Amino acid sequence: MKYALPIAFLLTSAGIVCGQSSATVPDDYTGVYHSRIDTSLLFVVKKKKGQLYLQIVGQGEVGLSRAGRDKFKANRVRPEAIVEFARDPATGQVQMKWIQKMASTRMVRTASPEADSLARQTGEWSRFVGNYQLSKIRNKTARVRVVAGQLAVQFSGEGSLRLQQESGNRFVIQDGEMRMTFDFLPNAVGQIEGIEMNRQGGVTFVKSKKQETVAEEVVYGFNRPNGFTRADTLRGALTPLRSNFDVLFYDLQVTVDPDNQRVEGANTIRFKATQELNRLQLDLFSNMRVKQILFRNQPLPYTRESHAIFVQFPAQLRAGLNYEITVAYDGKPQRPDGASLAGGIFWLQDKQGNPWIETVTQGAGASLWWPCKDHLSDKPDSMRIRVSVPKGMTNISNGVLRRQTESRTHTTTEWYVSYPITTYCIALNIGDYVHLTDQRLRGSDTLKLHYYSKPYDLEQGRKLFRHVKPMLSVFEKYFGPYPFSRDGLTVMESIYPMEHQGAVTFGSLFNPFNSDRYDSADILRTMWHEVAHEWWGNHITVKDYADMWVHEAFATYAEALAYRELQGPEAALRYLNGSPPDNKQAIIGTYGVNDFHMGDMYTKGALMLHTLQHVINNDTVWFGLLRSIQTQFAHQTITSDDVIQFINDYTKTDYTAFFRQYLNHPAIPRLLLKFERRGKDTVVLYRWKTDEPAFAIPVQVTTTRNNFAFIQPTQQWKELNIGAMKRKDFRVDTSHFYVGVKEE
699 MKYALPIAFL LTSAGIVCGQ SSATVPDDYT GVYHSRIDTS LLFVVKKKKG
749 QLYLQIVGQG EVGLSRAGRD KFKANRVRPE AIVEFARDPA TGQVQMKWIQ
799 KMASTRMVRT ASPEADSLAR QTGEWSRFVG NYQLSKIRNK TARVRVVAGQ
849 LAVQFSGEGS LRLQQESGNR FVIQDGEMRM TFDFLPNAVG QIEGIEMNRQ
899 GGVTFVKSKK QETVAEEVVY GFNRPNGFTR ADTLRGALTP LRSNFDVLFY
949 DLQVTVDPDN QRVEGANTIR FKATQELNRL QLDLFSNMRV KQILFRNQPL
999 PYTRESHAIF VQFPAQLRAG LNYEITVAYD GKPQRPDGAS LAGGIFWLQD
1049 KQGNPWIETV TQGAGASLWW PCKDHLSDKP DSMRIRVSVP KGMTNISNGV
1099 LRRQTESRTH TTTEWYVSYP ITTYCIALNI GDYVHLTDQR LRGSDTLKLH
1149 YYSKPYDLEQ GRKLFRHVKP MLSVFEKYFG PYPFSRDGLT VMESIYPMEH
1199 QGAVTFGSLF NPFNSDRYDS ADILRTMWHE VAHEWWGNHI TVKDYADMWV
1249 HEAFATYAEA LAYRELQGPE AALRYLNGSP PDNKQAIIGT YGVNDFHMGD
1299 MYTKGALMLH TLQHVINNDT VWFGLLRSIQ TQFAHQTITS DDVIQFINDY
1349 TKTDYTAFFR QYLNHPAIPR LLLKFERRGK DTVVLYRWKT DEPAFAIPVQ
1399 VTTTRNNFAF IQPTQQWKEL NIGAMKRKDF RVDTSHFYVG VKEE
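Numbering (this note's numbering), first residue to last: 699 to 1442.
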């Protein structure tokens, strides 16, 4: 996930979660607070193990260190911020004040006044209306509009703030001692080009008296700073109440409310009882409300624990039969959080101030925004997705667009996925898009291609989309046919890159998001990676997040194949060896708790595969192996052991110790060397040093100057006579074999 966006009227950024011990604080300081000027902005104050924390909902979490009787310093926040608690003398209500110096901040129009049609509207405030962005934080945009006869500003991901005109081009927001000024800046002919923004005084937050629908804890995608909990086990384990049924079909219907950042809908789940049952587990985050669960038009009782829903049936369901239940729900899903690497829904604005929304749920889970059996091991065989958005917006989801209908207030798109699909791949992409179509002929078959770009990025988008067909040719050459031909392939610009099945997103064409920086090589590489997941991750999928290397190592290796095809083998080698892994933890995560290790499974995993390719030393066999993996496990969920055993069987060689060394241990194999002079000859002694005692792979070394040949090291010392070759000319081929070398 990307790092959190700053809150505009606070202009601060939450860093990595960090708490510090503090003296005892009153329990009534903990709770949910909302800003008096923007009630959509929520802070949660909580204590964990004697430490006080402040969670900016959807932005991150910071520790608080005592700085006075009722004052605390927000750790790792710049500029320095003080949090002060007090009680309203009149009502006794607890208040929290955020005190932080704010430098004068300049905002600029995203389009010139002459080109901005919004600025040419008629009306009292029309000259101020438009889309602006912070000049130093280009991914923070603001919409200035007229709302109910009053000028209002809305920053991306935040609520609308009403402005009061003080004089001429100056508007203010006043709340107690907090005063915020907006000076609209005209050019020489009086057209508004930007805004100068200043704030004095602290921002007051009021503790809510009612229970807010805010999740008690951020649900982490990849980073678990507080260890594993029972909630993680309920989400990650294939318990008896999950294995007793098999999902066949989801029929998801959802209405999206961008103004309030809420969703409401229902999911009808068709499933087969794999054994007799009267109880099962579904999943929906605890901050989301279950309105009712229906079975044969009758409500079912249920209980909730953390993010799990335990559904009780009135009688035993018979094994082998199909059943349907419908879960109606609503709520405000969590937003992606860079500090904790948690998934969620991005509610942002594009360069033109239009809403731009994307779901990103890998790791955290699809159940953060819709109810389902949220476990990787169970894909529905097919799915229908019906999404209603405010009129003027469009939504792109997975599969084939069957129909689009218009009502007075909403546009509804109906998408159909005709293949098994992982729940985290179900996507919403809502915004203002230009749609391009193409097709790719494969013998007698035609693959339909769909491209989506922001209107203002269309020129760069067209350049990128020209690479899609050559990319598919490479992947089909090495991995086999595109696996979702009936549904076609959509490739689109987005907020965040993700491998959503059949609706692949490569992120913003300009990076950082909404900036003016364009890196064609980086965005092309990202597209190759995300589309490779159609084979590695979507076509074949792991049963547990701990084995996620199967997705990411092969997709990263696919990037190297792209360099090999487009720029040659040396370019592929430079790319693979350009970012050495950290090797600080094992690639495989902890099973049963939705855990995977984010970093090394990409680069180290790809280098492991590259090494195995050169150990096999036969590209016909190697790429035949990759295609056979795709055929053997098509549309299935698998484990690491499944992949390893298949490779062993296909190659008729036992590579179990090889994989265990690279996957289960942080350290890579080291080739130990000793050099001895024996008369006129030099003798090299060599052996492997590894965590796995059975590890033994061949590796290439120079047996004569600049001539590489294989040796067969084991855990025992062996000898190689290199004759008169100088010691400095003896080299190990670490470009093609990811191993360490140590001379003893």
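Just so it is clear, CB atoms sit at the ideal spot from N, CA and C, and this is done for glycine as well. Fair warning: this is a prediction, and the values are worked out from it, not measured in the lab.
Give the straight-line distance between the Cα atoms of residue i and residue j, rounded to the nearest whole angstrom.
{"i": "A1407", "j": "A1422", "result": "17 Å"}
{"i": "N1085", "j": "N1093", "result": "It is Val, not Asn, that sits at residue 1085 in the sequence shown. Rounded to whole angstroms, V1085 to N1093 spans 7 Å at the Cα level."}
{"i": "L1418", "j": "V1341", "result": "35 Å"}
{"i": "D736", "j": "D873", "result": "11 Å"}
{"i": "Q1392", "j": "W1386", "result": "Going by the sequence as given, residue 1392 is Ala instead of Gln. The straight-line gap from Cα to Cα measures roughly 10 Å."}
{"i": "K1440", "j": "T1380", "result": "18 Å"}
{"i": "V851", "j": "M800", "result": "18 Å"}
{"i": "I1193", "j": "E1390", "result": "42 Å"}
{"i": "E1112", "j": "I1083", "result": "6 Å"}
{"i": "D881", "j": "R1262", "result": "54 Å"}
{"i": "F1044", "j": "R1033", "result": "6 Å"}
{"i": "A964", "j": "Q1060", "result": "21 Å"}
{"i": "H1249", "j": "H1237", "result": "10 Å"}
{"i": "L1305", "j": "G1178", "result": "22 Å"}
{"i": "R804", "j": "I893", "result": "6 Å"}
{"i": "Y1154", "j": "K1282", "result": "43 Å"}
{"i": "N885", "j": "T839", "result": "21 Å"}
{"i": "V1443", "j": "G828", "result": "Any property of residue 1443 remains undetermined from this structure, which presents the chain solely from 699 to 1442."}
{"i": "L1139", "j": "F926", "result": "49 Å"}
By alpha-carbon positions, which one of the options ends up nearest to residue i?
{"i": "A1270", "options": "P1278, A1260, G866, P1279", "result": "A1260"}
{"i": "H1434", "options": "D1427, Q1398, K1416, I1409", "result": "Q1398"}
{"i": "P1364", "options": "Q1414, G892, T1388, G1377", "result": "T1388"}
{"i": "F1357", "options": "S1338, N942, K1426", "result": "S1338"}
{"i": "D957", "options": "Y1114, S1277, V887, I1055", "result": "I1055"}
{"i": "Y1300", "options": "Q1050, L1274, V1319", "result": "L1274"}
{"i": "H1133", "options": "F1163, I1119, L1383, R1375", "result": "F1163"}
{"i": "G1303", "options": "A1258, G857, P1179", "result": "A1258"}
{"i": "L975", "options": "T937, Q996, N965, R1016", "result": "R1016"}
{"i": "N985", "options": "F943, R968, Y1021, W1068", "result": "W1068"}
{"i": "D1431", "options": "R1425, Q1413, T1400", "result": "T1400"}
{"i": "Q1343", "options": "L1307, Y1353, L1170", "result": "Y1353"}
{"i": "L1370", "options": "Y1360, K1416, T1329, Q1328", "result": "K1416"}
What does DSSP give as the partner residues of residue i in its beta bridges?
{"i": "N896", "result": "T879"}
{"i": "L1019", "result": "L1019 is not bridged to any residue."}
{"i": "E1003", "result": "A1006"}
{"i": "K795", "result": "E782, T902"}
{"i": "L1222", "result": "None, per the DSSP bridge assignment."}
{"i": "D1155", "result": "BP columns for D1155 are empty, so no partner."}
{"i": "Y1176", "result": "None, per the DSSP bridge assignment."}
{"i": "G729", "result": "V743"}
{"i": "Y1436", "result": "Looking at the DSSP assignment, Y1436 forms no beta bridge with any residue, so it has no partner."}
{"i": "Q1102", "result": "T1111"}
{"i": "S865", "result": "R868"}
{"i": "K1387", "result": "R1368"}
{"i": "H1148", "result": "T1135, T1188"}
{"i": "E1417", "result": "L1383"}
{"i": "K769", "result": "E782"}
{"i": "R1088", "result": "Before going further, note that residue 1088 is Pro rather than Arg in the sequence given. DSSP, once it has assigned bridges, lists H1108 as partnering P1088."}
{"i": "N1405", "result": "T1402"}
Check the C-beta distance from residue i over to residue j and give it rounded, since I have them as a contact under 8 Å.
{"i": "S1075", "j": "V901", "result": "Their Cβ separation, rounded to whole angstroms, is 46 Å, which puts S1075 and V901 out of contact at 8 Å."}
{"i": "T1107", "j": "P1088", "result": "7 Å"}
{"i": "H1005", "j": "S1065", "result": "6 Å"}
{"i": "L1207", "j": "Q1158", "result": "5 Å"}
{"i": "N1096", "j": "Q951", "result": "No, N1096 and Q951 are not in contact; Cβ-Cβ is about 15 Å, not under 8 Å."}
{"i": "F774", "j": "V760", "result": "Just to set this straight, residue 774 is Arg in the shown sequence, not Phe. 6 Å between Cβ atoms; contact."}
{"i": "V1058", "j": "V1025", "result": "Between V1025 and V1058 the Cβ distance is about 22 Å, and since that is not below 8 Å, they are no contact."}
{"i": "L1222", "j": "H1165", "result": "6 Å"}
{"i": "A809", "j": "K795", "result": "Not confirmed; about 38 Å, so no contact."}
{"i": "I1438", "j": "R1376", "result": "Reading off the sequence, residue 1438 comes out as Gly, not Ile. G1438 to R1376, Cβ: 26 Å. No contact."}
Using 8 Å as the cut-off, classify the Cβ of residue i as near or not near the heavy atoms of the ligand GDP, replying yes or no.
{"i": "F1344", "result": "For the ligand GDP, the structure offers nothing, since it holds no ligand at all."}
Task: Cβ contact check for the region 1173-1189 and the region 1134-1150: 3 or more pairs under 8 Å - done: yes
Task: the region 925-940 touching the region 1291-1303, judged by at least three CB pairs closer than 8 Å - done: yes
Task: Touching by the beta-carbon criterion (3+ pairs, under 8 Å), the region 1220-1232 and the region 1250-1267 - done: yes
- [ ] State whether the region 888-906 contacts the region 788-795, with contact taken as three or more CB pairs (one from each stretch) at a distance under 8 Å.
- [x] yes
Task: Three CB pairs or more closer than 8 Å across the region 937-946 and the region 970-986 - done: yes
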